[in-house]
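**Q** Be aware that the sequence shown starts at 67, since it is given in this note's numbering, and climbs by one per residue.
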Amino acid sequence: MRLFAENSRQVAAACGMWLPEMQSLALSPRLRLLRRRARLAAALRAWVRTSEVAVVLLSVGIGAGVGVLAWGMGAAAGLLHTLLFDLDPGVRLSAATFVGGWRLLLVPALVGLTLALLNRVIARWRPKSPVDPIEANALHGGRMTLADAAVVGAQTVVSNGFGASVGLEAGYAQAGGGLASRLGAAFALRRGDMRILVGAGTAGAIGAAFNAPLTGAFYAFELVIGTYSIASLFPVVASAVTAVLVARALEAGSYAVEVGGPSVVDFRDYPLALLVGVLCGLTAIVLMRGVSLTERALARALPSPVLRLVVGGLAQISPVALSSGHGALHMAFVTEAPAWPVLALLVVKSLASMISIGTGFRGGLFFASLLIGALGGKLFAG
Numbered sequence: 067m068r069l070f071a072e073n074s075r076q077v078a079a080a081c082g083m084w085l086p087e088m089q090s091l092a093l094s095p096r097l098r099l100l101r102r103r104a105r106l107a108a109a110l111r112a113w114v115r116t117s118e119v120a121v122v123l124l125s126v127g128i129g130a131g132v133g134v135l136a137w138g139m140g141a142a143a144g145l146l147h148t149l150l151f152d153l154d155p156g157v158r159l160s161a162a163t164f165v166g167g168w169r170l171l172l173v174p175a176l177v178g179l180t181l182a183l184l185n186r187v188i189a190r191w192r193p194k195s196p197v198d199p200i201e202a203n204a205l206h207g208g209r210m211t212l213a214d215a216a217v218v219g220a221q222t223v224v225s226n227g228f229g230a231s232v233g234l235e236a237g238y239a240q241a242g243g244g245l246a247s248r249l250g251a252a253f254a255l256r257r258g259d260m261r262i263l264v265g266a267g268t269a270g271a272i273g274a275a276f277n278a279p280l281t282g283a284f285y286a287f288e289l290v291i292g293t294y295s296i297a298s299l300f301p302v303v304a305s306a307v308t309a310v311l312v313a314r315a316l317e318a319g320s321y322a323v324e325v326g327g328p329s330v331v332d333f334r335d336y337p338l339a340l341l342v343g344v345l346c347g348l349t350a351i352v353l354m355r356g357v358s359l360t361e362r363a364l365a366r367a368l369p370s371p372v373l374r375l376v377v378g379g380l381a382q383i384s385p386v387a388l389s390s391g392h393g394a395l396h397m398a399f400v401t402e403a404p405a406w407p408v409l410a411l412l413v414v415k416s417l418a419s420m421i422s423i424g425t426g427f428r429g430g431l432f433f434a435s436l437l438i439g440a441l442g443g444k445l446f447a448g
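1. Considering only residues of the same chain and omitting the five flanking positions on each side of R314, which have a CB-CB separation below 8 Å?
2. Where A251 and M260 are concerned, what is the direct C-alpha to C-alpha distance, given to the nearest angstrom?
3. Could you please give me the residues that DSSP links to G219 through a beta bridge?
4. Of the residues A405, S225, R101, A215, which one's Cα is nearest the Cα of V173?
5. Can you give me the C-alpha to C-alpha distance between M88 and R96, rounded to a whole angstrom?
6. When you compare the CB positions of A387 and A418, do they come within less than 8 Å of one another, or not?
7. If you measure between the beta carbons of A275 and L245, is that distance less than 8 Å?
8. Using the beta-carbon count (16 or more within 10 Å), is A92 buried or exposed?
9. Please report how far the alpha carbon of Y294 lies from the alpha carbon of E118, in whole angstroms.
10. Looking at A286 and A269, is the spacing between their C-beta atoms short of 8 Å?
11. With I423 as the anchor, note down where its alpha helix (DSSP H) starts and where it stops.
12. Could you check which residue in R192, L184, V264, T222 has the C-alpha nearest to that of P199?
13. Could you tell me the distance, in whole angstroms, from the CA atom of V290 to the CA atom of A143?
14. Considering only residues of the same chain and omitting the five flanking positions on each side of R113, which have a CB-CB separation below 8 Å?
15. Just confirm the distance between the C-beta atoms of G449 and T222, as a whole number of angstroms; I'd bet it's less than 8 Å.
16. Can you tell me the Cα-Cα spacing of L150 and V232, whole angstroms?
17. Rounding to the nearest angstrom, what Cα-Cα distance links L135 and R334 in this structure?
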């Protein structure tokens, strides 16, 4: 009996030793697959971190994604313009010959209420302010989130689509920078490479928006990265060119500004061009100061964000002042007008942009500045 009990214990001990080995053998194919994937992922991260070619290839992928995002945002805003303002397909809002008076008053005011409600919902979900690409590169090593990109993109499309005098550039740049930062974090890039990648994302976004890769590249170098270097040149240019090609493939690449053939420039025209540059620079300073003053003045006069946004919507009293001004800029190049209407348009667009940004609409002054500068040059030439 004792011998039987001892043999039983030995058998049980042997089975206890074999059981983990049997389980290990049963799970080994799955474990081997997971370990193989982990090794491949680690090798890929190491290659991207140590290879400049890999960063360029990653920038090409970012440019392709950003090109699709820029096309989608522009198409969404254009669809809102067509539906809300009863435009014919292909007609720009700021170039519309007629928009019903009730639409001019009701639709932009409605966006004030819509955006205020949207901001309240977003504030409960994400109480912190979104980090833009410039701030991310300067203070956070290029760290951005896709959630911030989605928030800013939605706010920008709503503001522009309902007619506020703002552009989509803020949403474009946020989407490009957010996508680039997310991919950079996935590959555990170093701080310097992350900043370059964020710049490449914004370059692709701005380049796709204006069908101008050099515009996107210089935007990234001057504002986002803050310097020119050989290391950042190829990723930024690769992203910008790829994004523009994708936008053109999606039929989004129509030129924002189309002019006729070049005219002969005499040496006597250069002093006039310098004077126009000085005047436009002063106008830009007045515009930026006006935004700050408008924001502070309305904060004291109208403490409710809802009321401030409604006032900003009611300020859009002319189709030319609505939205970013693509159609109006094209008209400024192809039509002739006396000085007084051009001056009135310049003042109306400047005030509409200052009030829109100052009252809390989300967007940018990039394209509005182009329109104001073109009107200033046209006024000076006339």
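A virtual CB, placed ideally from N, CA and C, is assigned to each residue, including glycine.
**A** Once the coordinates are examined:
1. N277
2. 8 Å
3. Beta-bridge pairing links G219 to no other residue.
4. Taking the Cα of V173 as reference, the smallest distance to any Cα among A405, S225, R101, A215 is reached at S225.
5. Confidence at M88 is low in this model, with a pLDDT of 47, below 50, so its placement is unreliable and the value that follows should be read with caution. Cα-Cα distance, rounded: 14 Å.
6. yes
7. no
8. The predicted model places A92 with a pLDDT of 49, which falls under 50 and marks its position as unreliable; any figure quoted below should be read in that light. So A92 counts as exposed.
9. The alpha-carbon of Y294 is positioned some 16 Å away from that of E118.
10. yes
11. 405-424
12. V264
13. Roughly 25 Å between the two C-alpha positions.
14. In the sequence as displayed, the identity of residue 113 is Trp instead of Arg. Counting only Cβ-Cβ distances below 8 Å, and skipping sequence neighbours, we find A120.
15. The question about residue 449 has no answer here: the residues shown for the chain are numbered 67 through 448.
16. 17 Å
17. When rounded, the distance between both Cα atoms is 45 Å.
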